[in-house]
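Following: one structure in structure tokens, then a few remarks.
There are 2 protein chains.
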Amino acid sequence: MKIVIINKLLKDTHKEQIRKTAALVGGSLFFAESENDIPQEWADCEIIYGFGMGNAKVNKNLKWLAVPSAGVDYLMKPGCFANEECLVTNSSGAYGVTIAEHIIAVSLMMMRKLDYSYSESIKGSWSSPQPQKSLKDCRILVLGTGDIGCCFARRAKAFEPESITGVSRSGYCSDPSFDSMKKVSELDSLLPSADLLVMSLPDTPETRDILSRERLALLPEGAYIVNVGRGSAIDEDALCESLNNGRLGGAALDVFKTEPLPSDSRLWNTKNLLITPHVAGNLTLEHTLNVNVDMFCKNLINYAKGMPLNNLIDRNKGY
Amino acid sequence: MKIVIINKLLKDTHKEQIRKTAALVGGSLFFAESENDIPQEWADCEIIYGFGMGNAKVNKNLKWLAVPSAGVDYLMKPGCFANEECLVTNSSGAYGVTIAEHIIAVSLMMMRKLDYSYSESIKGSWSSPQPQKSLKDCRILVLGTGDIGCCFARRAKAFEPESITGVSRSGYCSDPSFDSMKKVSELDSLLPSADLLVMSLPDTPETRDILSRERLALLPEGAYIVNVGRGSAIDEDALCESLNNGRLGGAALDVFKTEPLPSDSRLWNTKNLLITPHVAGNLTLEHTLNVNVDMFCKNLINYAKGMPLNNLIDRNKGY
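Listed in order, the protein sequences are those of chains E and S.
For the first sequence, the working numbering assigns the number 2 to the initial residue and increments by one for each residue that follows.
For the second sequence, the working numbering assigns the number 2 to the initial residue and increments by one for each residue that follows.
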């Protein structure tokens with residue numbers, strides 16, 4: 002069983018953990034820093050853990066592609082797999098902690114005008130206090146209550162918000178941090194009382210432009226938006242307008258319709274918009290990488306035993 | 002009983018609340034936006050709620066000065082009061098929520114390199130991911146476990162740190178968010194395992210330069226420091242050096258030995274130093290102002306009844 006691992010951030014401890022697991026299941030291993038490093042004799046591998054999209058397109062022998070990302074939208078187009086039966090797993094569950102910290106950080110930065118303080122301070126200017134808002138007594142709406150939404154809600158709870166409402170397809174989530182859970186179909190009636198709207202949705206046909214111009218207009222004046230899911234979920238033009246005309250308090254986007262964000266995008270110059278370059282869930286955080294590797298190793302055992310894989314993607318649904 | 006209120010941020014609801022309380026105790030009220038607005042006939046008032054330091058110097062009739070700040074160091078010099086028996090109360094307890102949010106915000110900004118992302122983004126540049134640190138599994142040391150330290154610890158707990166250790170004079174704090182409580186005398190042995198050092202101390206002879214050059218050197222490599230108490234607590238020169246030579250991961254200072262920070266201060270150009278202009282506890286946050294006014298009104302009842310005042314300052318100790 003040929004297994005190729007593609008990840009330049011892995012430490013020796015991670016490699017050792019993967020080696021031990023591979024030995025347990027009789028797999029042979031090749032570690033690559035990028036896809037270009039895969040030698041000819043490994044091009045027909047059975048398993049790839051990493052971003053092996055180039056190999057997947059041509060390798061008819063590939064039976065399982067385990068990607069270290071949570072989103073898998075980039076694998077859902079036709080022609081992505083030479084072997085149409087190839088299993089795909091994502092690493093949903095590894096990013097909750099780091100992305101939840103990002104959401105709290107950018108929410109507070111916006112509410113406390115720390116972006117303003119910071120840009121003044123790097124000019125060497127002692128600025129005056131700006132009007133601040135708070136997570137205390139805030140009405141928080143979380144669109145998408147998977148691992149990320151739950152990890153965020155658990156942290157947000159400690160800030161004593163007025164309410165945390167979760168929204169999901171099923172309207173169900175077992176995490177007690179949500180004061181109430183609602184179905185996506187009720188979204189229009191929930192937006193008017195959302196002081197902070199947190200979006201952590203995958204890219205699927207149902208989530209595309211879910212925050213439309215009409216829905217943006219339903220948010221109360223001064224509301225804040227944080228998007229850490231996929232950029233496709235927001236009508237970016239309408240968002241720009243609602244920020245520039247001052248109706249919204251601010252927005253923090255880590256994801257965009259086009260990434261990297263083109264240098265001529267109007268988003269760069271939009272008022273009260275905090276732009277981060279898709280870093281909320283990057284793998285530089287040790288905890289994230291540890292969990293990611295753990296998940297792959299557990300799944301490798303499942304694979305070898307012929308048991309169902311965790312985080313298996315339904316390629317028809319796209320998640 | 003003449004009562005002067007000095008606070009330009011008060012809303013009508015706050016004024017109404019103060020009016021009702023004053024009526025209850027037979028007090029007469031004057032609302033001023035600043036000390037300069039106090040007319041001659043109110044200069045001999047019995048009570049001031051606000052920054053009435055100018056009046057306190059000359060008004061022999063002043064019996065109680067209620068300041069809206071938590072720190073009172075500026076009132077401890079000789080000559081501050083024409084009436085040496087004048088009672089002083091602070092508003093400790095009103096700032097925990099807002100300052101705790103500030104501490105979480107700047108800690109995450111530093112750990113997640115959001116200062117870097119932000120300064121790149123305002124230049125219109127999509128930067129690459131930076132190595133991130135996390136509050137998850139972080140060893141947090143909180144120097145000063147009053148209202149601010151406790152409010153911070155309660156929020157920090159939700160981020161699943163490895164440990165939160167509190168340090169106070171007594172070594173005692175009833176808040177269960179601290180995994181352990183230690184005495185200030187043990188500080189030297191605690192610093193080597195502090196990944197994040199949070200300082201919320203008043204300015205007193207004991208706290209001046211408590212984070213000396215020697216103690217800074219005890220912190221582990223890559224440690225972060227947040228100071229929201231008083232600038233006098235840190236040897237600023239030694240801090241600059243530890244940041245510029247890369248030994249420390251970063252520092253976020255909201256308070257300084259001299260405020261506003263002089264334009265020629267070397268702190269402005271120190272590496273990995275986040276400067277905010279003493280805004281962590283400003284009164285623009287509605288919640289802070291509400292609690293502040295509540296506290297004064299309760300104390301006004303106590304005063305009228307001849308009962309002990311809450312938050313009474315021992316002017317010998319300075320807190």
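Note that CB positions come from ideal geometry on N, CA and C, so glycine has one too.
Since we're looking at a predicted model, the values are computed, not measured.
Residue i and residue j closer than 9 Å at C-beta
| i | j | result |
| --- | --- | --- |
| residue 1 of chain E | residue 100 of chain E | The structure shown has nothing for residue 1 of chain E, since chain E only spans 2 to 320. |
| residue 238 of chain E | residue 216 of chain E | no |
| residue 92 of chain S | residue 296 of chain S | yes |
| residue 140 of chain E | residue 175 of chain E | no |
| residue 95 of chain S | residue 58 of chain S | no |
| residue 4 of chain S | residue 33 of chain S | no |
| residue 74 of chain S | residue 316 of chain S | no |
| residue 119 of chain S | residue 38 of chain E | no |
| residue 283 of chain E | residue 251 of chain E | no |
| residue 143 of chain E | residue 199 of chain E | yes |
| residue 218 of chain E | residue 196 of chain E | no |
Any chain S beta carbon closer than 9 Å to residue i
| i | result |
| --- | --- |
| residue 56 of chain E | no |
| residue 131 of chain E | yes |
| residue 136 of chain E | yes |
| residue 59 of chain E | no |
| residue 119 of chain E | yes |
| residue 198 of chain E | no |
| residue 11 of chain E | no |
| residue 116 of chain E | yes |
| residue 237 of chain E | no |
| residue 258 of chain E | no |
| residue 328 of chain E | In the structure as shown, chain E begins at 2 and stops at 320. Residue 328 of chain E is therefore absent and cannot be evaluated. |
| residue 261 of chain E | yes |
| residue 99 of chain E | yes |
Interface flag, residue i vs chain E, CB-CB below 9 Å
| i | result |
| --- | --- |
| residue 250 of chain S | no |
| residue 34 of chain S | no |
| residue 96 of chain S | no |
| residue 43 of chain S | no |
| residue 278 of chain S | yes |
| residue 275 of chain S | yes |
| residue 245 of chain S | no |
| residue 225 of chain S | no |
| residue 163 of chain S | no |
| residue 71 of chain S | no |
| residue 287 of chain S | yes |
| residue 15 of chain S | no |
| residue 123 of chain S | yes |
| residue 1 of chain S | No answer is possible for residue 1 of chain S: the residues shown for chain S start at 2 and end at 320. |
| residue 267 of chain S | no |
| residue 155 of chain S | yes |
Identified DSSP bridge partners for residue i
| i | result |
| --- | --- |
| residue 144 of chain S | S:168 and S:200 |
| residue 100 of chain S | Paired residues: none, contrary to the question. |
| residue 29 of chain E | E:3 |
| residue 80 of chain E | For residue 80 of chain E, which the question treats as bridged, DSSP gives no partner whatsoever. |
| residue 181 of chain E | E:166 |
| residue 90 of chain E | E:67 and E:313 |
| residue 48 of chain E | E:4 and E:65 |
| residue 276 of chain S | S:254 |
Reference residue i; option with closest CA among the options
| i | options | result |
| --- | --- | --- |
| residue 193 of chain E | E:222, E:208 and E:174 | E:222 |
| residue 305 of chain S | S:64, S:274, S:276 and S:220 | S:64 |
| residue 298 of chain E | E:51, E:196, E:169 and E:173 | E:51 |
| residue 149 of chain E | E:72, E:43 and E:37 | E:72 |
| residue 177 of chain S | S:155, S:275 and S:171 | S:155 |
| residue 186 of chain S | S:95, S:318, S:196 and S:170 | S:170 |
| residue 293 of chain E | E:12, E:114 and E:3 | E:12 |
| residue 264 of chain E | S:127, S:308 and S:160 | S:127 |
| residue 15 of chain E | E:271, E:244, E:313 and E:287 | E:287 |
| residue 314 of chain S | S:244, S:86, S:80 and S:31 | S:86 |
| residue 310 of chain E | E:245, E:41 and E:68 | E:68 |
| residue 253 of chain S | S:104, S:266 and S:21 | S:104 |
| residue 189 of chain S | S:212, S:207, S:203 and S:172 | S:212 |
| residue 172 of chain S | S:161, S:162 and S:191 | S:191 |
| residue 285 of chain E | E:267, E:70, E:135 and E:233 | E:70 |
| residue 270 of chain S | S:233, S:134, S:245 and S:206 | S:245 |
| residue 318 of chain S | S:203, S:29, S:261 and S:289 | S:203 |
Residue i CB to nearest heavy atom of the ligand PLP below 8 Å
| i | result |
| --- | --- |
| residue 302 of chain E | In terms of ligand content, the structure shown is empty, and the ligand PLP therefore cannot be addressed. |
Neighbour flag for residue i against chain A, beta carbons, 9 Å
| i | result |
| --- | --- |
| residue 221 of chain S | No chain A appears in the structure shown, which is made up of the protein chains E and S. |
task: Write down every uninterrupted run of the alpha helix (DSSP H) in the segment 211-261 of chain S whose length is 4 residues or greater and which is fully enclosed by it, in chain order.
output: 214-217 and 237-245
query: Fully enclosed by the segment 110-143 of chain E, which alpha helix (DSSP H) runs are 4 residues long or longer?
result: 115-122
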